[in-house]
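Enquirer: Take a look at this one; I'll ask things after.
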Amino acid sequence: MPDNLPPPAVDSAPAAFDLKAHIRAVPDFPKPGILFYDICTLLRDGPAFHSAIQMLAELVRPYKPTALAGIESRGFVLAAPLALELGLGFILLRKPRKLPGATIGYNYALEYGTDRLEIQADAVRKGDRVVLLDDLLATGGTMAAGIRLLKEAGAEVPLAAAMIELTFLNGRTRLDAPFQALASYDS
């Protein structure tokens, strides 16, 4: 972030828009004991979705990105309309064998196994300032992998951002880039 700008406050939203009021908590999904924060309720409400994209635009704009990247699949839902709002290009980070042409990939560890993200080899030009987006930051493994992949492709990553951060999981400590979220949950 530029030195002369303070970091945006967590949960900073216009007084007329309560982001958390549009996010549904679903207990025991995808397995017992997990409380899932579902943004589908926000996405199906046009004015709420538009407000959330405008909030993300205000969060991202000071970092002066030249492109946005989204992590499959909910990151796409946020990064693509945000790229349009900011007049920027959009880059997809996908699971293996989903992108045509030559790709660059990064393998990363999960709680139980491994996974892989890929980007098209020509998606990033050296020195591009790419902000990475996803819907939610939990333990940080996938976001950390996305940052690493973008950097290996030649991009600078001035910011990683999400609509939601589960602060109690400390995912931001795994990230090699500044991180911001629109809303946080402490449990």
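If you use full-length UniProt numbering, the sequence shown closes out at 187, no skipped numbers anywhere. We put the beta carbon where it would ideally sit given N, CA and C, even for glycine.
Got a sec, what are the start and stop residues for the beta strand (DSSP E) Gly70 sits in?
Expert: Looking up residue 70 in the sequence shown gives position 70. Looking at the DSSP string, the run of the beta strand (DSSP E) that includes Gly70 is Ala67 to Ile71.
Enquirer: Any idea which residues DSSP pairs Phe36 with across the strands?
Expert: As a first step, residue 36 must be located in the sequence shown, where it is residue number 36. Beta-bridge partners assigned by DSSP to Phe36: Val26.
Enquirer: I need the DSSP call for Thr114, collapsed to helix, strand or coil.
Expert: Translated into positions along the sequence shown, residue 114 becomes position 114. Strand at Thr114.
Enquirer: Would the region 16-25 and the region 45-55 be scored as touching if the rule is three or more Cβ pairs under 8 Å?
Expert: yes
Enquirer: Could you tell me which uninterrupted alpha helix (DSSP H) segments, each at least 4 residues in length, are contained entirely in the UniProt domain "Phosphoribosyltransferase" (53-158), listed from first to last along the chain?
Expert: 74-86 and 141-152
Enquirer: With three or more beta-carbon pairs closer than 8 Å as the criterion, would you say the region 134-149 touches the region 166-180?
Expert: yes
Enquirer: What three-state label does DSSP hand Ser51 in the structure shown?
Expert: For the purposes of this step, residue 51 is taken as the residue at position 51 of the sequence shown. It is helical.
Enquirer: On the DSSP bridge assignment, give the partners of Leu166 in chain order.
Expert: Residue mapping note: residue 166 aligns to position 166 of the sequence shown, counting from 1. DSSP output for Leu166 lists Tyr185 as bridge partner(s).
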